[in-house]
Amino acid sequence: EEKQMAIRYEIEKVGYAFPTKVLSSRVGHNVNIILGEDSPNGAIVGVGDYVSFDQYAEGTVPSTYEAKIIDNAADGNFYVQVTKVDVNAPAVLIYDVPEVSDTKIATAENFYNKAGKTVHGLVLTTLDVYELSAELFDGTPAVGKKVTISGRKHVVAGA
């Protein structure tokens with residue numbers, strides 16, 4: 006009888022996002038942000054100081070940013086629509102697609118962006134819609150709820 010050893014492990018799931026209807030994902034302005042801390046796709050950051058050609062340090066999230074959960078996605082996620090943003094203080098959606106060939110772990114919720122990495126950022130404008138998993142909310146997400154940003158989370162109003 007052959008004896009085999011096995012390894013049991015669990016991969017930490019992090020939040021994930023998709024730029025459903027974000028204008029700058031098609032046309033408009035994108036920026037490359039050097040992250041100041043570990044970040045999931047779907048985090049909102051500000052634009053900091055210029056570093057080099059098409060690279061900026063991560064900045065503080067503009068306090069003028071507001072959004073609303075407008076619908077449930079078919080996969081259980083939530084659609085968030087930008088309702089207020091200042092064009093002079095851009096809010097940027099982090100969305101950097103991982104390059105992985107191992108299909109056992111190649112799902113979006115298994116990946117985050119490491120501090121110091123330069124990531125793709127989509128400059129948000131009013132009426133942009135992006136999809137978020139529940140892990141990216143602080144509070145219980147529900148259609149009709151307003152959201153603001155604190156750290157790497159979308160804070161649900163009244164939560």
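Quick note, the sequence shown lines up with residues 6 to 164 if you use the numbering used here. Virtual Cβ for every residue (Gly too), placed ideally from N, Cα, C.
Which one of 139, 76, 35 has the shortest CA to CA distance from residue 45?
-> Measuring from the Cα of residue 45, the nearest candidate turns out to be 139.
Do the segment 135-151 and the segment 68-87 touch if we need at least three Cβ pairs shorter than 8 Å?
-> The way I'd put it, the segment 135-151 does touch the segment 68-87; three or more beta-carbon pairs between them come closer than 8 Å.
Residue from 13, 129, 10, 20 whose Cα sits closest to the Cα of residue 116 = With distances taken between Cα atoms, residue 116 lies closest to 20.
What are the boundary residues of the beta strand (DSSP E) that includes residue 11?
-> Secondary structure note for residue 11: it is in no beta strand (DSSP E), with a DSSP letter that is neither H nor E.
Of the listed residues 58, 64, 126, 12, nearest to residue 33 (C-alpha basis) | Measuring from the Cα of residue 33, the nearest candidate turns out to be 126.
Rounded straight-line distance, which links the Cα of residue 163 to that of residue 35 | So the two alpha carbons sit approximately 32 Å from each other.
Applying the criterion that 16 or more other CB atoms from any shown protein chain within 10 Å of the CB defines a buried residue, is residue 111 buried or exposed?
-> Residue placement at residue 111 is flagged as unreliable, the pLDDT there being 48, under the threshold of 50; the coordinate-derived value follows with that caveat. Exposed, by the Cβ-count rule.
By a C-beta neighbour count over all protein chains shown, 10 Å radius and 16 as the cutoff for buried, is residue 58 buried or exposed?
-> Residue 58 comes out exposed.
So what's residue 79 in DSSP terms, helix, strand or just coil?
-> Three-state DSSP puts residue 79 in coil, outside helix and strand.
By DSSP, does residue 138 sit in helix, in strand, or in coil?
-> Here residue 138 sits in coil by DSSP.
Among the residues of its own chain, which have a CB less than 8 Å from the CB of residue 97, if the five just before and after it don't count?
-> For residue 97, where only same-chain residues beyond five positions count, the Cβ hits under 8 Å are 36, 38, 49, 50, 51, 52, 126, 127, 128, 129.
So residue 75 packs on residue 148, CB below 8 Å; how close in whole Å?
-> That pair is a contact at about 7 Å.
Going by other Cβ atoms of all chains shown within 10 Å of its Cβ, with 16 needed for buried, is residue 55 buried or exposed?
-> Exposed is the call here.
Does the separation of the CB atoms of residue 94 and residue 123 fall below 8 Å?
-> For residue 94 and residue 123, no; Cβs fall outside 8 Å.
In whole angstroms, what is the alpha-carbon distance linking residue 120 and residue 7?
-> Residue 120 and residue 7 have their C-alpha atoms spaced approximately 45 Å apart.
CB-CB under 7 Å to residue 9, same chain, minus the five flanking residues each way: which ones, in chain order?
-> In the same chain as residue 9, and ignoring 5 residues on each side of it, no C-beta atom comes closer than 7 Å to its own.
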